[in-house]
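K.L.:
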Amino acid sequence: MFGMYGLAEAVNTLCEKEGIEGRYGKDEQANALGYRISEQLAAFVENTPVKHGWKHRAMLHVQSGSAPTPAPRRGARLPYGDEPDPVSHLLAVAPHHKHYHSGISDILTLEETVKRNPQAVVQLCLGAFRAGMREFTANVAGNDLVRVTGYMVRLSDLEKYREAGSRTNTTWLGEEAARNTRILERQPRVVSHEQQMRFS
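Sequential numbering of the sequence shown, starting at 9, is according to our numbering.
1. So, at 6 Å on beta carbons, what are the nonlocal neighbours of residue 104 in its own chain, with the 5 sequence-adjacent residues on each side left out?
2. Per DSSP, residue 141 forms a beta bridge with which residues?
3. What's the gap between the Cα of residue 94 and the Cα of residue 44?
4. Could you work out which residue in 188, 54, 70 is closest to residue 110 when comparing CA atoms only?
5. Leaving out five residues before and five after residue 11 in sequence, what residues of the same chain have Cβ atoms less than 6 Å from its Cβ?
6. Based on Cα-Cα distance, which residue from 49, 35, 187 lies nearest to residue 96?
7. Comparing alpha-carbon positions, which option in 147, 134, 138, 157 lies nearest residue 112?
8. Terminal residues of the continuous alpha helix (DSSP H) containing residue 53?
9. With a threshold of 7 Å on Cβ separation, who are the neighbours of residue 30 within its own chain once the five nearest residues in sequence on each side are excluded?
10. State the DSSP-derived secondary structure class of residue 94, mapped to helix, strand or coil.
11. Nearest to residue 119 by CA position, among 167, 148, 40, is which residue?
12. Does DSSP put residue 18 in a helix, a strand or coil?
13. If you run the structure through DSSP and keep just helix, strand and coil, what is residue 77?
14. Only counting the same chain, and skipping five residues up and downstream in sequence, which positions put a Cβ closer than 6 Å to that of residue 153?
15. In or out: residue 52 buried (at least 16 other Cβ within 10 Å) or exposed?
16. According to DSSP, is residue 59 part of a helix, a strand, or is it coil?
17. Are residue 82 and residue 13 closer than 8 Å when you measure CB to CB?
18. Quick one: using the 10 Å Cβ neighbour count with 16 as the cut-off for buried, is residue 172 buried or exposed?
19. What does residue 107 pair with, by DSSP beta-bridge criteria?
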């Protein structure tokens, strides 16, 4: 695998240096820069032979998740705490998915009223897949069990872990991610009729 992380930070830094006010996930020009970066990385990986790889090629993968020290670790995900509405979010990240054959995902946190409207989530999923998403997770605000990246954690276990520790589960990974990568700042967003991607 050829892993990549920190796309949002790279795009936002390059935009700032060029005097562009847009931010990754919220501006077409910034998003287009991100797509160019993903496309160039994919071309580099595709055209670079490796000794031990599938058909002598590495596979491009987005690294996401926890980190031992605070650092950009979101892969191609939008910065936590500053996400747009769910439809804009998915439309912003979907074009990246075609380039990362070894793995890419996203995590949305939806406002808990979505529990009373599961069809809204179905429509969101259908629209996301139509737009090019390969996979994403929808956490529901207020739920104790949430996906961090490649694993789940109970939020109620984080405080217990801080006080007593644990040797038998993934809570330590979630606590590290909560402390270092701002996962608890993911914004719960409403999926409303007016915003839905409709494919009926």
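Quick reminder that beta carbons are idealized off the backbone N, C-alpha and C, glycines included.
P.N.:
Reading off the structure:
1. Once the five neighbours on either side are set aside, the close Cβ partners of residue 104 are 46, 84.
2. Beta-bridge pairing links residue 141 to no other residue.
3. Approximately 23 Å between the Cα atoms of the pair.
4. For residue 110, the nearest C-alpha among the options comes from 70.
5. So the list reads 69, 71, once near-sequence residues are dropped.
6. Selected option, being the one with the closest Cα: 35.
7. Of all alpha-carbon atoms in 147, 134, 138, 157, the one lying nearest the alpha-carbon of residue 112 is that of 157.
8. Annotation for residue 53: the continuous alpha helix (DSSP H) segment containing it runs 36 to 54.
9. Listed in chain order, the non-local C-beta contacts of residue 30 below 7 Å within the same chain comprise 23, 37, 38, local neighbours out to five positions each way being set aside.
10. In the structure shown, residue 94 adopts helical secondary structure according to DSSP, grouped into three states.
11. Closest option to residue 119, Cα to Cα, is 148.
12. Three-state result, residue 18: helix.
13. Any reading at residue 77 is ruled out, since the residue's pLDDT is 47, under 50, leaving its predicted position unreliable.
14. For residue 153, where only same-chain residues beyond five positions count, the Cβ hits under 6 Å are 160, 162.
15. Within a 10 Å sphere around the beta-carbon of residue 52 sit fewer than 16 other beta-carbons, which makes this residue exposed.
16. DSSP places residue 59 in strand when its eight states are reduced to three.
17. Residue 13 sits close to residue 82, with the two beta carbons spaced by under 8 Å.
18. So residue 172 counts as exposed.
19. DSSP lists no partner for residue 107.
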